[in-house]
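This report refers to the structure that appears directly beneath it.
Residue numbers (the working numbering): 154 to 315.
Have a look at this one:
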């Protein structure tokens, strides 16, 4: 597994990944709308611009063959904190990949991006995502609604680097 910073040339593989896993993801997270897919190219360019501005840090997860099997993002970077989001495709789920990817992004958040805390949220009907967060030291801090679905918000402090 390799965590790679999002680039322009990832667009087609990322779009294929999102299309292939749309129904799978919609079972436990708010669905990407048809508009998301129709405007994907412009959205991808906008994400890269946000990343260039330092507002967000987007990554793709590649398997040993170089195929895109997931994504992990740090968004709304402000005052040393960011919101964590991640998606692992159905074919790669259930093998500990999400746990490993979240551990990797937590290290990167502290060492490369200078962050001191991360937040994340998951729906109540996604126990696998809750386990990933808890295994990586995130603790629940309150209730949240995600696309109209009840969920939990989590927080994790990161070690200071120097």
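Each residue gets a CB set at the ideal place from its N, CA and C atoms; glycine is no exception.
Name the two residues that bound the continuous alpha helix (DSSP H) containing residue 206. What you label residue 206 is simply residue 53 of the chain shown in a count that begins at 1. Where residue 206 is concerned, there is no enclosing alpha helix (DSSP H), given that its DSSP letter is neither H nor E.
Quick one, are the C-beta atoms of residue 230 and residue 207 less than 8 Å apart?
Reading the chain shown from its first residue, position 77 is the one you call residue 230. Reading the chain shown from its first residue, position 54 is the one you call residue 207. Yes, these two residues count as a Cβ contact at 8 Å.
(message) Within the continuous beta strand (DSSP E) that includes residue 225, where are the two ends?
(response) For the purposes of this step, residue 225 is taken as the residue at position 72 of the chain shown. Run containing residue 225: 221-231, per the beta strand (DSSP E) assignment.
* Asked: What separation, rounded to the nearest whole angstrom, lies between the Cα atoms of residue 199 and residue 159?
  -> Taking the first residue of the chain shown as 1, we reach residue 199 at position 46. Taking the first residue of the chain shown as 1, we reach residue 159 at position 6. Rounded to whole angstroms, residue 199 to residue 159 spans 12 Å at the Cα level.
_Out of 220, 178, 295 and 189, which one is the CA nearest neighbour of residue 238?_
Counted from its first residue, the chain shown places residue 238 at position 85. When each option's Cα is compared against that of residue 238, the closest is 178.
* Where does residue 311 sit, in a helix, a strand or coil, going by DSSP? -> In the chain shown, residue 311 corresponds to position 158, counting from 1. Residue 311 falls in the coil class under three-state DSSP.
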